[in-house]
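Contents: one structure, followed by commentary.
Below, the structure written as structure tokens:
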């Protein structure tokens, strides 16, 4: 999630924020530092939880992930330091953090195994496929997927969709302790993700990236005809 102020202006030349025109990919940016710090903090809290058997530390690891995930993305957007590199790092860090917390929790709370399995299946496999697909177009991150397909964006990266995808199942389990409720919700989310993946698979993909996602879409459609 990087790039200079000039790079951001370059992306706006095509009239769409979120396109990659004139952006320079960099690793050493503050948003990426936040991603690294929040991932390390999550792993440290998880390690303490494993050592002590404390659910409190496991919850702390989960909070490090959630708060940090919000912080790095917000910082990137506000400071105009978004890049495809940062987006991919963020996606990978999310999967590592969630897997550590959920798998460890299930180890001491086996009744959560079924909703956890459904949740991890959609988050680590299907949602990862959906989220990484932004790289097929001239997009800085999946947050701008609306330039390619409004429906897929609304179902996966709108504010309500993000909250449901990464937090709803865990919150329902923690607040109610109901295996049935958590499994049903996880299955609903899995269904939405599966539909999104099928819709994504039918989208025409450009042969070359132009720097403008909208131009990419038009070129792919024209080639298909």
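In this note's numbering, the protein residues as written are 2 to 226. No residue lacks a Cβ here, since even glycine has one placed at the ideal position from N, Cα and C. The structure presented is a predicted model; accordingly, all values stated were derived computationally and were not measured.
Are the CB atoms of residue 80 and residue 31 within a distance shorter than 8 Å? With contacts defined as CB atoms closer than 8 Å, residue 31 and residue 80 qualify as a contacting pair.
Taking the alpha helix (DSSP H) that residue 196 belongs to, which residues open and close that run? Looking at the DSSP string, the run of the alpha helix (DSSP H) that includes residue 196 is 180 to 202.
Own chain residues within Cβ distance below 6 Å of residue 43, not counting five before or after: Closer than 6 Å at the Cβ level, and outside the excluded window around residue 43, lie 62, 65, 66 and 98.
Specify the secondary structure class of residue 156 as computed by DSSP and reduced to three states. Residue state, collapsed to three classes: helix.
Which same chain residues, not among the five before or five after residue 68, have their C-beta less than 8 Å away from its C-beta? Taking C-beta separations shorter than 8 Å and ignoring five residues to either side along the sequence, the partners of residue 68 in its chain run 39, following chain order.
Reduced DSSP category for residue 115 - H, G, I as helix; E, B as strand; rest coil: In the structure shown, the three-state DSSP call for residue 115 is helix.
Let me check understanding here. Comparing Cα to Cα, which of 139, 100, 188 and 203 lies closest to residue 83? Residue 139 is the option with its Cα nearest to residue 83.
Alpha carbon to alpha carbon, how far is residue 96 from residue 36? Give it in angstroms, no decimals. Roughly 13 Å between the two C-alpha positions.
Close beta carbons around residue 8, own chain, < 8 Å, minus the five adjacent residues each side: Residue confidence is low: residue 8 scores 40 on pLDDT, short of 50, so the model does not pin down where it sits. Its coordinate-derived value is still stated next. Once the five neighbours on either side are set aside, the close Cβ partners of residue 8 are 23, 24, 25 and 81.
At least three beta-carbon pairs within less than 8 Å, the segment 150 to 167 to the segment 119 to 139: With the cut-off at 8 Å, the segment 150 to 167 and the segment 119 to 139 touch.
The alpha helix (DSSP H) spanning residue 33 covers which residue range? Bounds of the alpha helix (DSSP H) holding residue 33 are 31 to 53.
What's the C-alpha gap between residue 135 and residue 21? Here the alpha carbon of residue 135 sits roughly 11 Å from the alpha carbon of residue 21.
Mind checking residue 208: buried by the 16 CB within 10 Å criterion, or exposed? Within 10 angstroms of the beta-carbon of residue 208 lie fewer than 16 other beta-carbons, which makes it exposed.
Which two residues bound the contiguous alpha helix (DSSP H) that contains residue 108? Per DSSP, residue 108 belongs to the alpha helix (DSSP H) from 85 to 109.
With distances taken between CB atoms, is the gap from residue 227 to residue 188 smaller than 8 Å? Nothing about residue 227 can be reported from this structure: the residues present for the chain run from 2 to 226 only.
Residues in its own chain within less than 6 Å of residue 49 by CB, not counting five upstream and five downstream? Excluding five sequence positions before and after residue 49, the CB atoms of its chain that fall closer than 6 Å to its own CB belong to 58, given in chain order.
Applying the criterion that 16 or more other CB atoms from any shown protein chain within 10 Å of the CB defines a buried residue, is residue 94 buried or exposed? Residue 94 should be labelled buried.
C-beta atoms of residue 156 and residue 195 nearer than 8 Å: With a cutoff of 8 Å on beta-carbon distance, residue 156 and residue 195 are scored as not near each other.
Alpha-carbon spacing of residue 107 relative to residue 114, whole angstroms: When the Cα atoms are used, residue 107 and residue 114 turn out to be separated by approximately 6 Å.
Going by CA-CA distance only, name the one from 45, 204 and 178 that's closest to residue 150. Among 45, 204 and 178, the Cα nearest to that of residue 150 belongs to 204.
In chain order, what residues of the same chain lie with their CB nearer than 8 Å to the CB of residue 72, ignoring the 5 residues before and after it? Answer for residue 72: 35 and 39, listed in chain order.
Where residue 210 falls: helix, strand or coil (DSSP): Residue 210: coil per DSSP, three-state reduction.
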